[in-house]
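Here the structure comes first, spelled out in structure tokens, and everything after it is commentary.
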Amino acid sequence: MFATMAHSATSDLTLTSSSQYLVDAFNWNKSKALSWVVTGQSNNIPCFRAAYADRDCFCIRDACHQCEGAALLGLNNETLTMWKTFARLQTATRGYFTIWEVNFSGGIYPCGGGDYQSDTVFIRMIPGMPELVEKAYTLYRWSGDESWIKDTALTDFYEFSLNKCIGLIDDNNDGIGEGHFNDIQGPNGSYCEGSAHGYGVGGDNISATWAAYNAYAKLLTAMGKTREANTYQEKAKNVKAHYDKDWWKAGENCYYSGRSIGLDRWFTEFNQWSKETFMFQATKCIAEPGARANALLDRIHNNYLSCRTNYNFESFTYLPESFYKYGQNDRGWYWLKCIMDSHYNYPEVSMTSIGFIATGMMGIEPDAPRHAVATLGRLTSDVTWVRLDGIPVGSHKVQVKHENNNNKTTLVHRSGTQDLMWEACFPGSYAALQVDGVSTAARQKTINGVPVSYTTITMAVGQQKTVSVPNNPRGNKAP
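Numbering (our numbering), first residue to last: 6 to 484.
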């Protein structure tokens with residue numbers, strides 16, 4: 006059984022399930038995650054710990070990775086304040102980088118390892134800047150808070166990060182910032198501190214940049230800036246075309262982990278194993294679904310199985326997301342259990358566990374600005390049914406229950422300011438779905454290579470609806 010702990014932050018998020026293991030794991034990780042919130046203590050700004058447990062700070066990479074778990078726990082004021090603090094600490098003298106580690110009062114954290122020595126000697130891991138922009142869009146979709154698209158401190162931050170910061174280090178004008186240093190104070194072309202020696206562009210860097218261009222295009226669209234949005238959508242297309250053409254090594258059936266840039270500008274390509282450089286290619290979904298993505302995921306899974314005792318545990322927190330996003334639910338569940346079982350005293354572990362239960366296993370995708378939510382069950386045989394209640398989607402609270410081998414989903418619109426649009430998705434291709442027992446025409450699409458059937462329902466406040474795959478699905482396959 007899992008021990009509980011005291012904390013001051015609270016959340017309405019609750020889970021019930023056929024699996025007592027999952028219930029206990031959720032409760033422990035929720036309590037642990039809330040214990041990292043430091044809002045209201047001493048002179049702290051609204052924020053939570055996102056670094057090593059013994060550091061009173063939040064850092065870029067951890068904050069980005071913890072933000073969806075934070076959103077599910079209702080910590081929108083914290084994430085908004087943290088992102089605005091990153092924006093405030095971005096300056097021209099720092100090359101439009103922001104500070105890597107921020108203390109709880111919103112200043113530079115004086116790490117003993119020399120993370121910040123001066124405005125020209127400080128941690129600059131290039132993927133962090135685009136990832137902050139990408140996650141701003143993620144948080145906007147969870148919260149619906151228009152500060153994400155109207156606060157000039159934030160909107161300037163997005164533009165400076167993707168235009169000026171990357172522009173200053175984009176040596177070959179391909180839209181991706183290049184590093185020329187092996188240490189983290191470089192700027193370094195990867196998040197990997199030990200295994201990414203010599204990377205000008207790590208796989209995590211190109212993946213985060215591509216995801217950020219896509220996200221920023223959507224943020225600009227929400228701002229009503231269609232022409233600017235088209236520009237960044239084109240940037241995303243160019244990066245993806247470059248990745249598809251130049252990052253696959255057919256002879257060895259694998260993606261490169263990175264590319265290095267020497268002073269003579271000759272490129273050296275790497276396909277040796279390194280952790281985040283491969284996993285970001287999966288978590289950002291830049292890897293092409295099908296044979297290429299499957300080869301990437303096999304390599305990630307097999308390396309962690311064979312070397313799991315030798316890797317820093319924070320890297321494990323990317324594994325469930327890598328597999329759930331490509332429909333490899335058994336592997337996603339295997340690695341989710343691994344990180345939940347660890348009880349590792351590291352904020353990223355508990356925060357991401359909460360996030361992966363909701364977004365990975367339960368496939369909950371918010372769109373709060375549009376008052377909408379989508380669901381896609383990804384349960385395995387270990388969990389017959391699971392119900393997550395108190396899910397915040399902007400001004401709404403919802404309950405989602407998956408059961409019957411991902412073939413039946415019930416949504417309750419607990420509270421809200423208006424109707425909620427629910428896109429109920431199911432794996433497979435079906436001509437019709439059952440809505441409260443009534444046959445309804447279904448539509449089909451693919452989600453990152455996984456065929457799904459779906460229907461969209463308008464949910465009034467207080468309403469409950471159940472959608473399921475027909476009892477004779479073979480006779481109801483979509484043409």
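Don't be surprised by glycine CBs; every beta carbon is placed ideally from N, CA and C.
Small disclaimer: the values here were computed from a predicted structure and weren't measured.
From which residue to which residue does the beta strand (DSSP E) around residue 26 run?
-> Residue 26 -> not in any beta strand (DSSP E); alpha helix (DSSP H) instead, spanning 25 to 40.
Indicate the three-state DSSP secondary structure (helix, strand or coil) for residue 22 in the structure shown.
-> strand
Give a yes or no on contact between the segment 403 to 421 and the segment 382 to 390, applying the rule of three or more CB pairs nearer than 8 Å.
-> yes
So residue 148 and residue 377 are in contact, right, with Cβ under 8 Å, and what is the actual spacing, rounded?
-> The pair is not a contact, with the Cβ atoms about 14 Å apart (cut-off 8 Å).
Spatially closest choice to residue 339 from 301, 386, 39, by CA coordinates = 386
Please list, in chain order, all residues of the same chain as residue 165 whose beta carbon is under 8 Å from its beta carbon, the five residues on each side excluded.
-> 95, 101
Contact set for residue 154: own chain, Cβ-Cβ below 8 Å, skip 5 residues either direction = 145, 160, 224, 227, 228
Answer yes if the segment 40 to 53 comes into contact with the segment 337 to 351, meaning at least three C-beta pairs across the two stretches below 8 Å, and no otherwise.
-> no
How far does the alpha helix (DSSP H) with residue 328 in it reach, from first residue to last?
-> 324 to 329
Local Cβ density within 10 Å of residue 257, reported as buried at 16 or more and exposed below that = exposed
Would you report the Cα separation of residue 306 and residue 175, rounded to the nearest angstrom?
-> 33 Å
Is residue 435 helix, strand or coil by DSSP?
-> strand
Do residue 401 and residue 433 have their C-beta atoms closer together than 7 Å?
-> no
Exposed or buried, which one is residue 442 when buried takes at least 16 other CB atoms within 10 Å?
-> exposed
Residue 365 classed as buried or exposed, judged by whether at least 16 other C-beta atoms fall within 10 angstroms = buried
Bounding residues of the beta strand (DSSP E) (the contiguous stretch that carries residue 449) | 448 to 452
According to DSSP, is residue 71 helix, strand or coil?
-> helix
Start-to-end residues for the beta strand (DSSP E) that takes in residue 128 = Careful: residue 128 lies outside any beta strand (DSSP E) and carries neither H nor E.
Three or more C-beta pairs below 8 Å linking the segment 33 to 41 and the segment 62 to 82 = yes
With 16 other CB atoms within 10 Å as the buried threshold, where does residue 269 fall?
-> At residue 269, the pLDDT of 44 sits below 50, so the modelled position is not reliable; the number obtained from the coordinates is stated separately. The residue is exposed, with fewer than 16 neighbouring Cβ atoms inside 10 Å.
Opening and closing residue of the alpha helix (DSSP H) in which residue 193 lies | Here residue 193 belongs to no alpha helix (DSSP H), and DSSP marks it neither H nor E.
Which residues in the same chain as residue 472 place their Cβ atom closer than 6 Å to its Cβ, once the five residues preceding and following it in sequence are excluded?
-> 414, 429, 438, 440
Between the C-alpha atoms of residue 296 and residue 156, what's the straight-line distance to the nearest angstrom?
-> 43 Å
Identify every residue that forms a DSSP beta bridge with residue 455.
-> 452
Counting contacts by CB-CB distance shorter than 7 Å, is residue 139 in contact with chain B?
-> Structure shown: chain B not included; a single protein chain is present.
Under a Cβ-count criterion, where at least 16 other Cβ atoms within 10 Å of its own Cβ denotes burial, should residue 201 be classed as buried or exposed?
-> Any answer about residue 201 is weak, because its pLDDT of 45 lies below 50 and its placement is not dependable; what the coordinates show is given next. Classification for residue 201: buried.
Can you give the Cα-Cα distance for residue 322 and residue 462, rounded to whole angstroms?
-> 34 Å
In this structure, does DSSP put residue 360 in helix, strand or coil?
-> helix
In terms of alpha-carbon separation, which member of 343, 163, 294, 418 lies closest to residue 465?
-> 418
Counting along the chain, where does the alpha helix (DSSP H) carrying residue 212 start and finish?
-> 208 to 227
Comparing alpha-carbon positions, which option in 151, 208, 284, 131 lies nearest residue 303?
-> 284
DSSP-derived helix/strand/coil call for residue 377 = strand
Out of 333, 318, 329, 325, which has the shortest C-alpha to C-alpha gap to residue 352?
-> 318
Candidates 194, 86, 121, 216, of which the one nearest residue 158 by Cα = 86
Proximal residues to residue 425 (C-beta, below 6 Å), its chain only, five neighbours per side dropped = 376, 401, 418, 464
Residue(s) in a DSSP beta bridge with residue 444 | 439
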